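Peer 1: Residue numbers (our numbering), protein chains in the order written: chain A, 228 to 552; chain B, 228 to 495. Here it is: the structure, laid out below.
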Ligand SMILES: Nc1ncnc2c1ncn2[C@@H]1O[C@H](COP(=O)(O)OP(=O)(O)OP(=O)(O)O)[C@@H](O)[C@H]1O
Ligand SMILES: [Mg+2]
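What follows is the structure, given as structure tokens:
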């Protein structure tokens, strides 16, 4: 009781008004950076090679916009192939069947080993192997020969490889199949991040393997899978420029390059490419931010930070291999 | 209290009233033999308490009963049915995954670390398995899940995620989740070991309640008081063998074996 009255009677101490620590280093840094920025801006404005007016005039023309649409479509389609096939490959990798495991391992090995650019060009030239691609009974001719029938054909449908496997489809397949290999690793890491006890509890309840995967494990793995998938999407957007070499003409970089080559104004169009990719990537980055926030709901700050870190390391791994892509 | 959903007493068992019969169960991990011939019989409606020092193989044995681990030798029968295998023409045939899942549905299991599904609410945790196994429609399963949660004293926490529940509450949800499959047998692996001391009681109360309703239970526990009060039999395991067994009061008061004495001296 007495101590209580003591504390109330005690005078409140003066608020601290100390002299703050000075940071002269900061001002030096600001000065240096200021000079560098000024030099850069000077370059942008005065160097005639940029030809800004020409660039702005050209970069919104219809063929470029068509290329832009192609790039976006390619990104989305390749990612859809990559994610869905990646999930399948990851599940195969974690299966108890050694053959499935082997196939999955070989798939990831091949598509991670071959650079994306090489893969894209290779796919663009697959028409050399087959003139037509047809679906039906495998080895039908050989089987027919076995029974003494010449030219026996059991085919459901087919299409000309030269028409289909060039350009857009080849590029999409090259990017999508390659992406699946990376996504498989991400999905596998996600599945493995889910506590073993979850599967055990579900097994003890008498759920089947597929039910456990679909209802218990994958929803929890999503939290780990989503952030690096965002990074992969951004990387994919940039990698679509590789299919300009397939060649795919309905693609942003191809179109910009074409304008550059035609008008002999190559450099401004490369700058335009930079600006376009900057813009598109920024939009994706914003989307990624909200997606991550949604999927780490209820998991606390540290869990969120951990996920972000995992995303960053995944990206680092991705960009290291990007050099080889 | 809600009605007992399991066949209480000897009704519904394979004639002789034995719910679990283990004969010479052996289990090795690689070259390490963890279970070295376990014999055990649990009658229907009985509560069997399993005691033993860490590493003696209690959890492993429990996991063998619902085939989470494959045994290397011996037989385990639940309600007269061989677990994990079918005997045909004097030969054992491995069961398909589906058949094993069906067997597991009759055996509830409660884990030391709860293992609730963190992305589902308490209600969803309990209602999930009955719906997925095609046993009940969604609405019916939810109603029964709510009743079960009510029964374990969590009628007001239906919408809470596991992360928003205390350890004791989580374990009670886990018990309700196991009961939702209407098992004839419940396995408990140290259900209170991960709990703060003041939360142990609420979980033990739910288990006592179950025992009173005639549920057959095998409980791995260090709670001597629970074993003495609720247990019908007590088994002391050490180093992969059953060292001593009998009526709980008897074994606890007059342990015959030195290893039992040493262990009881430590936990009492
Ligand atoms: N999956 C496994 N692989 C290899 N060894 C294992 C595995 N599971 C258990 N063991 C070993 O089997 C032995 C018995 O383990 P078990 O978990 O059954 O013991 P326990 O009696 O439940 O102990 P505790 O009281 O600590 O839970 C231990 O030595 C353990 O290391
Ligand atoms: Mg254990």
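All C-beta atoms in this analysis are idealised placements derived from N, C-alpha and C, irrespective of residue type, glycine included. Treat the numbers as computed from the prediction; the structure is a model and nothing was measured.
Hey, residue 309 (chain A) and residue 410 (chain A) are a contact pair by Cβ (cut 8 Å); roughly how many whole angstroms apart?
Peer 2: 5 Å
Peer 1: What number of angstroms, rounded off, separates the C-alpha of residue 320 (chain B) from the C-alpha of residue 405 (chain B)?
Peer 2: Take the alpha-carbon of residue 320 (chain B) and the one of residue 405 (chain B): they are about 28 Å apart.
Peer 1: Looking at residue 286 (chain B) and ligand 2, is the gap between the Cβ and the nearest heavy atom below 7 Å?
Peer 2: Flag set: Cβ of residue 286 (chain B) near ligand 2.
Peer 1: Measuring alpha carbon to alpha carbon, tell me which of B:260, B:298 and B:304 ends up nearest residue 246 (chain B).
Peer 2: B:304
Peer 1: For residue 236 (chain B), which three-state DSSP category applies?
Peer 2: Residue placement at residue 236 (chain B) is flagged as unreliable, the pLDDT there being 40, under the threshold of 50; the coordinate-derived value follows with that caveat. DSSP places residue 236 (chain B) in coil when its eight states are reduced to three.
Peer 1: Would residue 490 (chain B) and residue 280 (chain B) be called neighbours here (beta carbons separated by less than 8 Å)?
Peer 2: yes
Peer 1: Taking 7 Å as the limit between beta carbons, can you name the residues of its chain near residue 281 (chain A), skipping five residues before and five after?
Peer 2: Cβ within range, chain order: 492 and 495.
Peer 1: At a Cβ threshold of 8 Å, is residue 373 (chain B) touching chain A?
Peer 2: So, not an interface residue.
Peer 1: Inspect the beta-carbon positions of residue 479 (chain A) and residue 344 (chain A) and report whether they are closer than 8 Å.
Peer 2: Their beta carbons are not under 8 Å apart, which means residue 479 (chain A) does not touch residue 344 (chain A) by this criterion.
Peer 1: Residues of chain A with CB under 8 Å from residue 295 (chain B), in chain order?
Peer 2: What residue 295 (chain B) touches in chain A, judged by beta-carbon distance under 8 Å, is 427, 430 and 431, going in chain order.
Peer 1: How is residue 285 (chain B) classed by DSSP in three states: helix, strand or coil?
Peer 2: helix
Peer 1: When the Cβ atoms of the stretch 414 to 429 of chain A are set against those of the stretch 479 to 488 of chain A, are three or more pairs found closer than 8 Å?
Peer 2: no
Peer 1: Which residue or residues does DSSP assign as beta-bridge partners of residue 291 (chain B)?
Peer 2: Residue 291 (chain B) pairs with nothing; no bridge assigned.
Peer 1: Please decide whether residue 424 (chain A) counts as near chain B, where near means a Cβ-Cβ distance under 8 Å.
Peer 2: yes
Peer 1: Cβ of residue 359 (chain B) less than 8 Å from any chain A Cβ?
Peer 2: Yes, its Cβ sits closer than 8 Å to a Cβ of chain A.
Peer 1: Could you check where the beta strand (DSSP E) with residue 481 (chain A) kicks off and where it finishes?
Peer 2: Not the beta strand (DSSP E): residue 481 (chain A) falls in the alpha helix (DSSP H), residues 479 to 490.
Peer 1: Using a Cβ cut-off of 7 Å, pull out every chain B residue sitting near residue 443 (chain A), in sequence order please.
Peer 2: 344
Peer 1: For the beta strand (DSSP E) containing residue 259 (chain B), list its first residue and its last residue.
Peer 2: 259 to 270
Peer 1: Whole angstroms are fine: how far does the CA of residue 270 (chain A) sit from the CA of residue 261 (chain A)?
Peer 2: 14 Å
Peer 1: Beta-carbon within less than 8 Å of residue 478 (chain B)'s beta-carbon, same chain only, minus the 5 sequence neighbours each way: which residues are those?
Peer 2: 461, 463, 471, 472 and 487
Peer 1: Taking C-beta pairs closer than 8 Å, name the residues in chain A that residue 325 (chain B) reaches, listed in chain order.
Peer 2: By Cβ distance, chain A contributes 435.
Peer 1: So residue 320 (chain B) is in the alpha helix (DSSP H); what residue range does that whole segment cover?
Peer 2: No alpha helix (DSSP H) holds residue 320 (chain B); the beta strand (DSSP E) holding it covers 318 to 321.
Peer 1: Please indicate yes or no: does the CB of residue 416 (chain B) lie closer than 7 Å to some heavy atom of ligand 2?
Peer 2: yes
Peer 1: Identify the contact partners of residue 438 (chain A) in chain B, using a Cβ-Cβ distance below 7 Å as the criterion.
Peer 2: Within chain B, 359 have C-beta atoms less than 7 Å from the C-beta of residue 438 (chain A), given in sequence order.
Peer 1: Can you tell me the Cβ-Cβ gap for residue 263 (chain B) and residue 457 (chain B), rounded? I've got them flagged as a contact below 8 Å.
Peer 2: With 8 Å as the limit, residue 263 (chain B) and residue 457 (chain B) do not qualify as a contact, their Cβ atoms being about 28 Å apart.
Peer 1: In angstroms with no decimal places, state the Cα-to-Cα distance between residue 498 (chain B) and residue 410 (chain B).
Peer 2: Outside the displayed span of chain B (228 to 495) sits residue 498 (chain B), for which this structure offers no information.
Peer 1: Quick check: the Cα distance between residue 360 (chain A) and residue 342 (chain A), rounded to an integer number of angstroms?
Peer 2: Their Cα atoms are separated by approximately 25 Å.
Peer 1: Alpha carbon to alpha carbon, what distance is there between residue 364 (chain B) and residue 326 (chain B)?
Peer 2: 22 Å
Peer 1: Just reading off the beta strand (DSSP E) that residue 274 (chain B) is part of, what are its end residues?
Peer 2: 274 to 278
Peer 1: Measuring alpha carbon to alpha carbon, tell me which of B:300, B:435 and B:484 ends up nearest residue 250 (chain B).
Peer 2: B:300
Peer 1: Please find out if some non-hydrogen atom of ligand 1 comes closer than 7 Å to the beta-carbon of residue 463 (chain B).
Peer 2: no
Peer 1: Any heavy atom of ligand 1 closer than 7 Å to the CB of residue 261 (chain B)?
Peer 2: Distance from the C-beta of residue 261 (chain B) to the nearest heavy atom of ligand 1 is below 7 Å.
Peer 1: For chain B, find out if any of its Cβ atoms is closer than 8 Å to the Cβ of residue 515 (chain A); answer yes or no.
Peer 2: Using a Cβ-Cβ cut-off of 8 Å, residue 515 (chain A) does not count as an interface residue toward chain B, since no Cβ of chain B sits closer than that to its own.
Peer 1: Taking the alpha-carbon positions, what's the residue 361 (chain B) to residue 337 (chain A) distance?
Peer 2: 42 Å
Peer 1: Between the alpha carbons of residue 471 (chain A) and residue 407 (chain A), how many angstroms are there, rounded?
Peer 2: Taking the Cα positions, residue 471 (chain A) is about 21 Å away from residue 407 (chain A).
Peer 1: Is the beta carbon of residue 453 (chain B) sitting closer than 8 Å to the one on residue 401 (chain B)?
Peer 2: no
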